[in-house]
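Have a look at the structure below before the remarks.
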Amino acid sequence: MKEQIEGIRKNATEEILNVKDAKELNDLKVKYLGKKGELTAVLRGMGGLSAEERPVIGSLVNVVRDELEKLIEEKENAFRTAEMEEKLAKEKIDITLPSNKIKRGSKHPLNRIIEEVEDLFVSMGYDVVDGPELETDEYCFERLNLPQGHPARDMQDSFYVTPEYLLRTQTSAVQAHVMMENEEKSPVRVICPGKVYRRDDDATHSHQFAQVEGLVIDKDISLADLKGTLEVFMKKMLGEKTQLRFRPSYFPFTEPSYEVDVTCFKCQRKRM
Amino acid sequence: MKLSTNFVKDYIDIDVDLKTLAEDMTKAGNEYDSAEKFINATNLVVGEVMECEMHPDSDHLHVCKVNVGKETLQIVCGAPNVRKGLKVIVALPGAVLPGDFRIKAGVIRGIESNGMLCSIAELGLDSKFLKPEDKEGIHELPIETPVGEDPIKLMGMEDGVIDFELTANRGDLLSVLGMAYEIGAIYDKKVKEVELSHSESNENINNNFKVEVNTENCSIFLAKKVENVVIKESPEFIKNRLMASGIRPINNVVDISNYVMLELGQPLHYYDADTLNGMLEVRMANEGEKLTTLDDIERTLSTEDIVISDGNKAIGLAGVMGGLETEITENTKNIIIESAIFDSVKIRKTSKEILRSEASTRFEKGLDANRTYMAIERSCNLLEKYADAKIVGGLVKYDTTNLEDTKIDITFEKINKVLGLKIEKEDILYVFRKLGFTYEVENEVVHVSVPKRRIDIEIAEDLIEEVGRIYGVDNIEGRLPALPLKEGSYNKTIRNIRNKMIDLGLNETLSYILVNDKEAVKYSTDIFEAIKLLDPMTEERNTLRYSMIPSLVKIYEYNKARNQKDVSIFEIGKGFYKKDDKFGENTKLCVLMTGERNSGLNTKQVDFYDIKGITEEILDYLGYNGRYSFMIKNLLPKEFHPYQTAEINVNNDIVGIVGKLHPEVQKDNVYVLEINLDKLLEKKTGKMKYKEISKFPSVKKDLAVIVEKDVTSEEIAKQIKKLAGNLLIGSKIFDVYTGTGIAENKKSIAYSLEFGTQERTLTDEEINTILEKIIEGLEKQGAEIRK
């Protein structure tokens, strides 16, 4: 009987190792390990054995069974892997084809800058205020000390829609609104970014452009405060190395008036 | 204002180079455009043509031997007037002429040539100053000119010119004398006296000449008579200074009037006295009155123009230009000099409408009446000297002006407080002295007297500016205001909308608000009046937009013309309108989408549902979930596709429009959305609610409903909801089908309905009962259920 078991062991091992596909393997599993399999048959025939032989043969059968089961499982795994590999290979794609992109939108560069300016001033306690773009002559000029016939009106040739209304030439128009509305005469700290319109258009001028206006009203405010604030502003926008120069100038609505020159990236003086 | 440094040096002793002067003036607030030599040429020398022969290989070139002092050069010259014995301007090899024209030794048609003989034009003189002979040939120097010398110096043209861009308030700097005071204040130099001396006859002009001023727009009018002038060419220095200042020399008398204007800033007019009837009158023009000005153009005047009349008719446009009839000619013997001040606003208006001149520019900025007198005296001085004039005694005078200094009080403390500086009292007073202002100090107060030449200085703040300007604002140390800490505020909603739109894949644009008047009334059926510009620059941009759609369509068209077919853009901007005679403006959100939105192999063309999705996203984001619907309530604008467009209804009010542009407006499929944000944002929003996911499983059932094509999915959904009651917790359309199996005029809409409750699991029976109720209800209304 021992020889018979060894024979099964040898044949089964050989056949399992040479098996070609998963179905054949399953057939072998039935052939040797199934209920009617060869090894099972051996166990059944153990009734005729002596009490000494029975445990020896029994344990041998178990050893062989475990061995074959293990072998079959290994083989099964190999087939599964191969099958999966085949399946995946069929799914091969060209990974260099274009991707499906959900395009992101973009902020207009000018608005990016304006938001940056707003954030800076908001952090310094300024309120961002807005005013009409279609403005009255009164707020755009008269209240800013630019009466009819004032030569400085030349600098700001305007788009009038009636003798009284025009597209604002400067955000300073908002200054007058802010001051008029400030009835309790409390301190003021505002900026007003916005579109302004002037009647000239050439290679370097657009008839529509953006300005930022700043207004601070309080006691003990001096030019030094203005200069310091502009320094913070310009350094934030143009880099820490930026230097400022105040140059006396003339605006009818401020006294004293200055233009600010800043060093540009080429370190040349450039008008702001 | 072009300043000749030779000219200003008559009045102030300075020894600084041109660039330094220009920079120092800039620091004091007077910007300049350019600072250059009047004749910007190097290596020029006076030469004498010793020999002059025809070039063997040319019918117009000459080969000359030119003695330039140290040596004799062979120079080939093409000028027709070159000849032996001529004194000429030679540009030596190495010379650089204006326009970066470099002179090198070379060979011209086989003959060696070592330099160039120059014309005046080649020295860079403005073409308006050139005489006919200057254009035709080389310049001929006087025969006595010494060879080897610098010709520019000998011709009196060695001068530096700074072209200043002056601020509107500094009319005083439109004069050499004003510039001298300004430069004097910078360098602490004294300004010299103007030479005014002249002799006068015993006659008195008042005996046979009178002036009548019949308008309030003339504050001072002076008339002086000079006789027996000799008209000739002006001396070199007058001609050169006029040219350096940009004015063309004509003859000695005309030149002197211009010279005095440049010098003192007071425009003058010289009349041929023999063309007048013994009087001058200042009055406003009659409507439609005609006048032929010096430039031989007939002008039609209005009652806004000030004119000078001879008692009968206008003979001069006051402050702007004289008349042709009374002008100085070669035959003029006797002159009436007019020195006056006219209203700056009126002159400004006239010059804007008719013509801007050197004179009008000065009147517009305002003048000092002291100079009005001084200009008469200075004219007499120069006319006597350079036109052999006999000056008639007396002055015809009309004067309502105040010649007194302006008195302003200020404290030292205020100056430092405004400037943020700590300037010593003595330093402040030193600034006033440099400016030529006089003062008296009384404790902390300074009583300052400002001469009338500085008409721009009216209030204490003007003085503070002067101190800062001359002391130097570079000295101010910047600091941040010591103000209470607080958080600033800004319009978060607009910024949030912008960011949301970007998240949705749209690119932000910034377009012009000015559009064409035909475009401006499109894309809307709202009732409003388009706002047109009174004076547009182009027809293309002559009207303020109401809708932003025309602006975005323009951007789309620009892109399309450049083969960019996928455009997904948005903008938040203003739309303008006039209604019931009132102007208004609204902040609007506008979106335009066409082509493909995303990239890759499986993308699709944008359609109505994409832009509808954008609309819903933004409305949901702003809190209007469940409060809006898409409908067609009004007549749609004809620029939209009539069957692929909807109005956006929020809380039962239309706030915008979304849809496809009409194929006749845009051939390609272009979708737009516009929402009036001002209108939308004042609508009430819903509250955010917390809702738990049910612990009990829900059940999904599909239902396909066949209805007439015109029935909207929303109508059916509403019916289903009504019939199902509150156990229906979700309803989704997953298919819309037309075609085989469905009648021509019908469509099938498939719903996936979800039933459930927070309390328990629903039984099949319950759900089937509801389903039957739905089916029955829908069938009653004519729908058919697809089995």
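If you read the protein sequences in the order shown, they are chains A and B. Residue numbering for the first sequence follows the numbering used here, starting at 1 and increasing by one per position. Residue numbering for the second sequence follows the numbering used here, starting at 273 and increasing by one per position. In this text, a Cβ means the ideal position worked out from N, Cα and C, and glycines have one as well.
C-beta neighbour in chain A for residue i, strict 7 Å
{"i": "B:S761", "result": "yes"}
{"i": "B:I774", "result": "yes"}
{"i": "B:M865", "result": "no"}
{"i": "B:S871", "result": "yes"}
{"i": "B:E737", "result": "yes"}
{"i": "B:N512", "result": "no"}
{"i": "B:L290", "result": "no"}
{"i": "B:G450", "result": "no"}
{"i": "B:K686", "result": "no"}
Secondary structure of residue i, DSSP reduced to three states
{"i": "B:G777", "result": "coil"}
{"i": "B:S1020", "result": "strand"}
{"i": "A:D161", "result": "The sequence as given places Val at residue 161 of chain A; Asp does not occur at that position. Coil at A:V161, not helix or strand."}
{"i": "B:T622", "result": "helix"}
{"i": "B:I947", "result": "strand"}
{"i": "B:K461", "result": "coil"}
{"i": "A:Q148", "result": "coil"}
{"i": "B:L755", "result": "coil"}
{"i": "B:F880", "result": "helix"}
{"i": "B:K242", "result": "Outside the displayed span of chain B (273 to 1059) sits residue 242 of chain B, for which this structure offers no information."}
{"i": "A:S106", "result": "strand"}
{"i": "A:R247", "result": "strand"}
{"i": "B:G997", "result": "helix"}
{"i": "A:R271", "result": "Only weak support is given to the placement of A:R271: the predicted model assigns it a pLDDT of 48, under 50, and the question is left unresolved by the model."}
{"i": "A:P193", "result": "strand"}
{"i": "A:H177", "result": "helix"}
Pair within 7 Å by beta-carbon distance, residue i and residue j
{"i": "B:L438", "j": "B:M297", "result": "no"}
{"i": "B:R520", "j": "B:K400", "result": "yes"}
{"i": "B:D640", "j": "B:K697", "result": "no"}
{"i": "B:S632", "j": "B:G595", "result": "no"}
{"i": "B:I648", "j": "B:E472", "result": "no"}
{"i": "A:T242", "j": "A:T263", "result": "yes"}
{"i": "B:V977", "j": "B:L908", "result": "no"}
{"i": "B:Y542", "j": "B:I600", "result": "yes"}
{"i": "B:R1082", "j": "B:D331", "result": "Outside the modelled stretch of chain B, which goes from 273 to 1059, sits residue 1082 of chain B, for which no answer is possible."}
{"i": "B:G350", "j": "B:V419", "result": "no"}
{"i": "B:S276", "j": "B:A516", "result": "yes"}
{"i": "B:T678", "j": "B:V717", "result": "no"}
Integer Cβ distance of residue i from residue j, believed to fall under 8 Å
{"i": "B:L782", "j": "B:R643", "result": "With a Cβ gap of about 50 Å, B:L782 and B:R643 do not count as contacting."}
{"i": "B:V368", "j": "B:T314", "result": "5 Å"}
{"i": "A:R168", "j": "A:E138", "result": "Incorrect: roughly 12 Å between the Cβ atoms, too far for contact."}
{"i": "B:G1028", "j": "B:F968", "result": "7 Å"}
{"i": "B:P695", "j": "B:Y743", "result": "Note that residue 695 of chain B is Ile in the sequence shown here, rather than Pro. The pair is a contact, with the Cβ atoms about 6 Å apart (cut-off 8 Å)."}
{"i": "B:G396", "j": "B:N312", "result": "6 Å"}
{"i": "B:I785", "j": "B:V720", "result": "Not quite, the Cβ-Cβ distance comes to about 48 Å (not below 8 Å), so this is no contact."}
Neighbour flag for residue i against chain B, beta carbons, 7 Å
{"i": "A:Y139", "result": "no"}
{"i": "A:P256", "result": "yes"}
{"i": "A:Q277", "result": "Outside the displayed span of chain A (1 to 272) sits residue 277 of chain A, for which this structure offers no information."}
{"i": "A:D94", "result": "no"}
{"i": "A:F253", "result": "no"}
{"i": "A:T263", "result": "no"}
Residue i Cβ short of 6 Å to the ligand MG heavy atom set
{"i": "B:K959", "result": "In the structure on display, the ligand MG does not appear, and there are no ligands present to speak of."}
Any chain E beta carbon closer than 7 Å to residue i
{"i": "B:P753", "result": "The displayed structure is made up of protein chains A and B, and chain E is not among them."}
Exercise. For the 8 Å Cβ check, are there 3 or more pairs between the stretch 616–623 of chain B and the stretch 432–441 of chain B?
Worked result: no
Exercise. Taking one C-beta from the stretch 599–613 of chain B and one from the stretch 406–423 of chain B each time, how about it: are there three or more such pairs within less than 8 Å?
Worked result: no
Exercise. Are the stretch 479–493 of chain B and the stretch 542–560 of chain B touching by the rule of at least three beta carbon pairs closer than 8 Å?
Worked result: yes
For this session: Evaluate contact between the stretch 878–896 of chain B and the stretch 794–801 of chain B, counting only Cβ atoms and requiring at least three cross-stretch pairs below 8 Å.
Result: no
Exercise. Quick one: any contact between the stretch 931–938 of chain B and the stretch 909–916 of chain B, if contact means 3 or more CB pairs under 8 Å?
Worked result: yes
Exercise. For the stretch 50–62 of chain A against the stretch 94–113 of chain A, are there 3 or more C-beta pairs whose distance is under 8 Å?
Worked result: no
Exercise. Can you find at least 3 beta carbon pairs, one from the stretch 830–837 of chain B and one from the stretch 187–194 of chain A, that sit closer than 8 Å?
Worked result: no
Problem set entry | the stretch 848–864 of chain B contacting the stretch 731–745 of chain B, beta-carbon criterion three pairs below 8 Å | no
Problem set entry | Inter-stretch contact (C-beta, 8 Å, three-pair minimum) for the stretch 116–130 of chain A and the stretch 751–770 of chain B | When Cβ pairs closer than 8 Å are counted between the two stretches, the stretch 116–130 of chain A is seen to touch the stretch 751–770 of chain B, the count reaching three or more.
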